[in-house]
Every structure is written in structure tokens, then in C-alpha cells.
């Protein structure tokens, strides 16, 4: 069923020297003629021929550098990222892509390290792609298990029933839910239950509260264990009861103290920075709002030092728990229901953090939801990266600094010169609505209330 | 909470000048900076603290105007990107605002890519004669240093006499300008409150002053960062758009669609607006045009109309201001909505197709009117906010234009969307009814983003030396 992901990260050839990324971008532009015509959704790469491909994008991460605690700055190379979200297996997806677009891939990857080249056999190219896949730290899917074909068939069913309903209502006869249901309900069901993703029932308010509690317990458990362990060890070593309790709390207090010290130092560094001259973001904006969906590609350097790395690891572990315990039963990521797919991917062994998402609506509305609904979660992740607005205790302030956070996000956003969506006119809300409708109509159980499915038209 | 400096805020931001029913918006370019600064220094700008006047003058400048008047680049850089880039030049902004096709800035009467506007002088008066005198006094017979590129005329479409002379309609025949945010102010006097400018915070329609004025806390508890600290104080961004309305076309369309659905045209059009022509909101008057609710605005949707059976989710007023039903929680909805409010100061232009401008009266004569009326009519849309991106552009793009607003499949604003196509959905029992193949009866004819400085900040600009 639906929703696997590949994030293929390849180095831009060092032999090309500095500016290699520029030449790569030129190659991308040659392939993607429509960067000059952003109102067109036509694609030079025949992504649509890859069966089961939801979204695809190429994005270029510029070369950069990161501070090390000791020694000189570390150079971070320019990289090309190909991100794919698809149904089925990785090998199958890559093989189909090679079949559909070998010529274009050869042009693009001529600028990348280690590419087998245009004369290589397809399996060698496939292995090259798969061996460069980087596992995301978090991968979120808006409608779990949804396949591309299910998006299309459920949408077609809804459109068909809606048209029938319009025709009937225009006749002006008095109708009841039962009479409409009798007239419109397709028998046998057009889509069988087996062709739909297994329903992940959205949790009730009560269940959600329990799930939130469960998540808090899961996240707190390792800390409690750690406290117990150190406390008991101290006790075993002969410490008094008071000292053992103190010893139990010590590691957690120590971690927090370290974090607060880091945050204070970062805040001072931010305050020292001069106000930057305004930057022109038209290059990233030029491809936005062509259809109802948009892509965000965003890359930041992780703050140097072991503490930030450790915190980031813990945070991503907690976020993964949250996605599986809470978010998939709420149908949103941090309260944001307009995300088709989102993933955080580590680059350069964790020196940089890449965020890719495919979302509905405008950048401004997406960012507004970040600020209004998901600020704590996002701050806990991104406050460990360079330039993020001042944050306190990992979750406070940070992304609540509406103006500062939006500026930072735009500033760290990178171009997405090639982006593909299999269903550019469907929102997550549409997909979920049409899926629910199809599930109600495909049900083997006794006829559900006609009013329920009629309400989804 | 800091009290608002009413004597430093230009009047039109906080007051509608309802009694001044005539207005003229003079667009100008700066031709001689030195002379223009002297001219600015001599303008007696109307402050929000002033009362009982029969004329008013306010002024706003575009980014190019600020530049032409010699505002230093360090300050110019601090203005928000929307102001610096302007309304009409960026292709992404054109898509977001819907300024494409017949609305494209290339076809605009003013403000398009080849028509640089540096500023706008807003003149208001109780009579035509006083308006002419006002203009003569401040624009004629002197070296103003500005060249006038266009004058936009306006007369409010009054509903009647007596109290009703200050009830205005727009050209389609609906009551306009009812819903306005109130501004939270710690020092609101009872007089200010009675006049409706400010309220103590806490109410669903009361918004932090920083949403509309620079130098005050906004809904996120921070000062808006779209203008430089000194020059921005007590200023605001003015968004101006000239929107032509095809009134007969709109009503012929509604009449045909209503006939197919077997409902009255006035009901169908009211469903599209969310209010009856007299202003009564559908949430409280679902069946007929009830008298006594004309000015009524303190309502929500969550309790009375959670399913949109009275006022459809896609209705104009439910899109432009979703109140307490944007997301699942009422309080969160209200809080989010507060970060996307606008102070609207629009004025109609052109002659109404019929007087009185009441659809029930003119609908029977519609076809005769359609062949008889000539000329252009519409709305000079003016609004104030401190973040054009988060307020005006967001509302236009995400709530008005988006075919996907609130889970819709393909449905833009039935009244003010610039796009043809899609459906207007009316939830009901046993199933939702739709008007398909929707059409847009507005056309954008001009527009620009301005900064309206505080009165002291304008003196600072006037005192600049090259």
C-alpha cells in the first residue's frame, strides 16, 4: 500500500570545482523547461509514467560550512537531492523512473559524483540511486496507506455521484435522504473495500486525550528510568536517601542546565547580529501558487556541539513516537491537516537538516499554521539549528515569534526547480472526504445511513 | 496596554468619515522632491482625535514615493517586502491575488507595472462643493512638487435619509461596511467606546492595535516589523484596489441560476453574500429579509449554524471573516481569525443602476436596465493592516480566492472572486445544493500598496534635507 519514500542524496562533482552547483542548476533548467513558464504544469521528466508515484522533486543544497568546537570550520559540499514518494517497493519505483526518463537523468547526474554514466546498464543506475538513499528522521503521510490509484478512483466516484445529485436536485422534486440514497447509491459498489487503504479511524476527543497522555508517558519513561537507575546506583554505593534522590535527578537537571546555557548563549549571539539587508526571495516564490498544492524545501545547518546533537536525537525520537501514537489518529501533523507528505532528512552525517513537504494552500497559510498550531514541536526541532529565533526550554518562544520565524523560514528555504504531483488539484481534505465516501459505499455491513454519505457530496 | 496616540494617527485609519459622503482620491507622482516636502509640511492632515469637521485630508505614500522624497535607504530597507515590491510587479503575487487574465496589471487603469504611483491624497467632504474647494486649496495655484496622474471620484451610496443616510450600500445592492474590527485599548474612554473606535480587549471582535498600527503590540504580543521603528510609529499600510462591478450581469446570472434551483433570486444572492440586501445576517434571519438586524454584527456561527444550513461556508462574509468556525475549536477559530482582520474603508464609485438600490425593486426591470445603463461602477477598496502578507493578501488568497477553502472541492468566493468556474455550495437537508459554472462579475482595474505614516512621521519626512 501507499506511502514509501526515497531521498537520494548525491554529491555535486568536486572535479567541477566551486560553482559546480551552478552548472547543475543549469542542467536542471535545461531539463525542466517549465521553470521559465511557471504557470504550466507540464513536465519534461515523464514522472507521470512512474506508476504509483505521488510526489517527486529535485532540489539543490548549496555548499556551506559549519563551525566545529575545536579546529577549523568544516566544509559542507553542494548536494543534489531527488525525493520520491510512491506506492510499492523502492527498486520498482527507481526502475520505472529510469525507464521513463533515462536521458534526462543522464543529463542531470552528469554533474554528480559516482554516477555510472549514460552507457551503464539500468541495474547499475538503479543500484546507484538506491545506495544513495538517506533514511528520513521523521516521515509523515497525510492520509495513511492512500495509493495514487485510490486517490484517482475515489475522486472519480465522488465527481460522478455529485453530478447525478445535481441533476436530480435541479428537477425540483421534494427529496428525502432515503429517496436520494435509493436513486444514487451505486450497486454493486463501484469501488470494492479491498481496493481502498485500510481505514485508520480518526480518534474521538476522548481517545485523543488518552493518546496524548500515553505519548507523554512513553517520552517520559526513559528519563524516569534514567533517574531510577542513577538513584538506585547511588543508593547501592552507600549514599543516604536524600543524596540518592538528588543523584536520581542530577542527570536530568544537568541536561536541562546545559540546554538553558546553550539557549542563553545563542540568544546573545543572535542579539549581537546586525539586521541583515532584505533578501530577494522571488526565486523561491516564482514556482509557488501555480496549483493548489505547494512544495517547501528547507535546509539548515545544525548548531555545533554534542549537546545540540543529543537534544536533536531525543526530539526526533519523541516526534516519531508522537506521529505513531497521536498524529496518525488525528490526521494532522502538529495540528496541521494540509500536509500530504513531510520528512526531515539528515545531510552530511547530521551536520545539516533538510525538511521537505508537499502541502495545500499558500505558503503564508502554511506558515501561519506552523506559528498558530505547531510552534512547540517545530521549535523543539529547529531551535537546534543556526539562526533560529530565540527559544526558551526548547519549546517556548521560538516559532511563536511570528515575524522572525517566517523570515528565518524564507531565508533558509531552497529552490525546488523540479517538482511533480500526481494529483495537483486534490487537497488532503478532498482526498480524505472522497475516501470516506468510498468506504461508506463499499462497506459490506448493512446499508449505512444515506444521510452520512450524502453529506460528503 | 499603551493608549493609542489618537492625535498622531491619520483619521481615516480609525474612523470611517461616514458623514463625509463625498471623497476624491488623488494619485500623484513626485516631480520635485524639495517642493513636494514643503507642500507636505503645509497639509493640515486630519487626526483620529478630531471631531465635527466637514472636510478631511489624509495622505499615504508608496515605497517609490518614500524613496523619491528622500527617506534614507536604511529606513527604506526596513519596510516589508510587499511594500517594497508593490502590488503589481511580481508574478507569484499576481497569482495569489488573482490578478491574472482580465485582471492582469498590464490592463489596469492605474498602478500597473508601467504606471508609477508615488502617493495618494485622500480628500473627504460633506458636499461636492466643499470637496472642490478643498482640492483647489491644497493642489492648485502653488508649486506642489507633485504631478497628478489620476483622480478617483467617489460618492457613498446612501440608503435613505435621517439615520439611514449613513447606511451605505455597494453597487450589487447589498449593505456594505457593517463588520469592522474594534481596536483593543487599555485607555478606551467611554466616549471612544460609544463612538465605536476602541474597546477593552477580550471580545471576539476586538483586536490588538498592533494589527493595524505600527508601534503597538499585535495579536502575537509583538510590534509588527514591517516598518522602521521611528518612521513607522502610528502608521499603517493602506491597500487600495479599484474593483469594477458588472451589476446587471451579476443579477441576470443569479436570476437564471435561481430559476433552475427554484428559489428566489434575492435569496440566492443573499446566500452568496451571507447577509440580506438590507444587511441582516442569514445566521439570524435565515428565511427573510428581517428588519431591525441591519447593523447587527455581534454574532458567531458555531452555535446557531455549525453546518452552514443558514449561511453557507462559502458565502462571502463567512469566507472573509470566518469568526468562530474556522477550525474545530471556537476559541482557537476566533484567535486565528483575529490575526487576519482588516479595517475596511472602501467607497463606491460610479452611478448606481437604480435608485433606490434595492434588488427587490429593480429586479423586475432588470432587462430594461441592462440595456439602458452605461458607464463604469464599482468599489474603491481601501483597507488598513500592518502585515499586508498576513492580513490582506492572506484573506484574498486563502479565504476569498482559494477553490479549496474549508474542504471545498472547487469553490471560490461567489461575490468577490476574480475567477470563473467552480460551484457555489449550499449545505442543507437531505443534501447540499450547488450552483455550478459560477462566474465572476468583478474586474480589478487598478491598485497599489501604500504606507500611511503617523502625522509626526510625515513631518519628519517633510523636514528631510537632501
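Protein chains in written order, with the working numbering: chain A, 1 to 457; chain V, 1 to 466.
Just so it is clear, CB atoms sit at the ideal spot from N, CA and C, and this is done for glycine as well.
Keep in mind that this is a model prediction, so the values were computed, not measured.
For residue i, count the other beta carbons within 10 Å of its own beta carbon; 16 or more makes it buried, fewer makes it exposed. Which is it?
i: residue 406 of chain A; result: buried
i: residue 142 of chain V; result: exposed
i: residue 479 of chain A; result: Residue 479 of chain A falls outside the range modelled here, since chain A spans only 1 to 457, and no answer is possible.
i: residue 399 of chain A; result: buried
i: residue 75 of chain A; result: exposed
i: residue 113 of chain V; result: exposed
i: residue 225 of chain A; result: exposed
i: residue 229 of chain A; result: exposed
i: residue 176 of chain A; result: exposed
i: residue 67 of chain A; result: exposed
i: residue 257 of chain A; result: exposed
i: residue 322 of chain A; result: buried
i: residue 409 of chain V; result: buried
i: residue 36 of chain V; result: buried
i: residue 48 of chain A; result: exposed
i: residue 207 of chain A; result: exposed
Can you find a CB in chain V that lies within less than 8 Å of the CB of residue i?
i: residue 65 of chain A; result: no
i: residue 278 of chain A; result: yes
i: residue 42 of chain A; result: Bear in mind that a pLDDT of 45 at residue 42 of chain A, under 50, signals an unreliable position, so the number given afterwards is only what the model happens to contain. False, the Cβ-Cβ gap to chain V never drops below 8 Å.
i: residue 430 of chain A; result: yes
i: residue 454 of chain A; result: yes
i: residue 357 of chain A; result: no
i: residue 402 of chain A; result: yes
i: residue 34 of chain A; result: Below a pLDDT of 50, predicted positions are generally treated as unreliable, and residue 34 of chain A, at 42, falls in that range; no measurement from the model is reported.
i: residue 438 of chain A; result: no
i: residue 45 of chain A; result: no
i: residue 37 of chain A; result: Residue confidence is low: residue 37 of chain A scores 40 on pLDDT, short of 50, so the model does not pin down where it sits. No coordinate-derived value is stated.
i: residue 297 of chain A; result: no
i: residue 122 of chain A; result: no
i: residue 282 of chain A; result: yes
i: residue 191 of chain A; result: no
i: residue 336 of chain A; result: no
Just checking: is the beta-carbon of residue i within a distance shorter than 8 Å of some beta-carbon in chain A?
i: residue 407 of chain V; result: yes
i: residue 411 of chain V; result: no
i: residue 220 of chain V; result: yes
i: residue 77 of chain V; result: yes
i: residue 457 of chain V; result: no
i: residue 81 of chain V; result: yes
i: residue 336 of chain V; result: yes
Along chain V, which residues have their Cβ under 9 Å away from the Cβ of residue i?
i: residue 504 of chain A; result: Here chain A comprises residues numbered 1 to 457, so residue 504 of chain A is not present and cannot be evaluated.
i: residue 451 of chain A; result: 429, 430, 431
i: residue 433 of chain A; result: 407, 409
i: residue 154 of chain A; result: Residues of chain V passing the Cβ test: none, with the nearest at roughly 12 Å.
i: residue 166 of chain A; result: 423, 433, 434, 436
i: residue 57 of chain A; result: By Cβ distance, chain V contributes nothing, its closest Cβ being about 18 Å from residue 57 of chain A, past 9 Å.
Contact defined as beta carbons within less than 8 Å: I believe residue i pairs with residue j. What is the distance between those atoms, to the nearest angstrom?
i: residue 9 of chain A; j: residue 353 of chain A; result: About 13 Å; that fails the 8 Å criterion.
i: residue 397 of chain A; j: residue 299 of chain A; result: Contact doesn't hold; Cβ gap of about 23 Å is too wide.
i: residue 383 of chain V; j: residue 394 of chain V; result: Between residue 394 of chain V and residue 383 of chain V the Cβ distance is about 12 Å, and since that is not below 8 Å, they are no contact.
i: residue 419 of chain V; j: residue 98 of chain V; result: 6 Å
i: residue 193 of chain A; j: residue 443 of chain A; result: 7 Å
What does residue i reach in chain V if we use C-beta pairs closer than 7 Å?
i: residue 289 of chain A; result: 92, 95, 96
i: residue 176 of chain A; result: 430
i: residue 286 of chain A; result: 91, 92
Who are the neighbours of residue i on chain V, taking C-beta pairs under 8 Å?
i: residue 374 of chain A; result: What residue 374 of chain A touches in chain V: nothing, since even the nearest Cβ is about 13 Å away.
i: residue 457 of chain A; result: 431, 432
Given the structure, does residue i come close to the ligand MN, in the sense that its CB is under 7 Å from one of the ligand's heavy atoms?
i: residue 402 of chain A; result: With respect to the ligand MN, the structure offers nothing, as it holds no ligand at all.
Report the neighbours of residue i on chain A: residues whose CB is nearer than 7 Å to its CB, in chain order.
i: residue 389 of chain V; result: 364
i: residue 225 of chain V; result: 403
Residues of chain A with CB closer than 8 Å to the CB of residue i, please, in chain order.
i: residue 463 of chain V; result: Result: empty, since nearest Cβ-Cβ is about 25 Å, beyond 8 Å.
Note to self: I'd like the ranges of any beta strand (DSSP E) spanning at least 3 consecutive residues and lying wholly in the region 228–274 of chain V.
What the structure shows: With a minimum length of 3 residues, the continuous beta strand (DSSP E) runs that stay inside the region 228–274 of chain V are 236–245.
Inside the region 206–231 of chain V only - alpha helix (DSSP H) runs reaching at least 4 residues: none
Ranges of the beta strand (DSSP E) found wholly within the region 343–380 of chain V, counting only runs of at least 3
347–349
### Message
Quick check on the DSSP output: what are the complete alpha helix (DSSP H) runs of length 4 or more inside the region 418–448 of chain A, in order along the chain?
### Response
428–442
- Query: For the region 100–178 of chain A, which segments carrying the alpha helix (DSSP H) assignment without a break, of at least 4 residues, lie completely within its bounds, in sequence order?
  - Reply: 122–131, 148–170
At 4 residues or longer, what runs of the alpha helix (DSSP H) sit wholly inside the region 362–391 of chain A? 363–373, 375–382
Which parts of the region 268–350 of chain A are runs of the beta strand (DSSP E), unbroken and 3 residues or longer, counting only runs that do not cross its ends? 293–301, 339–347
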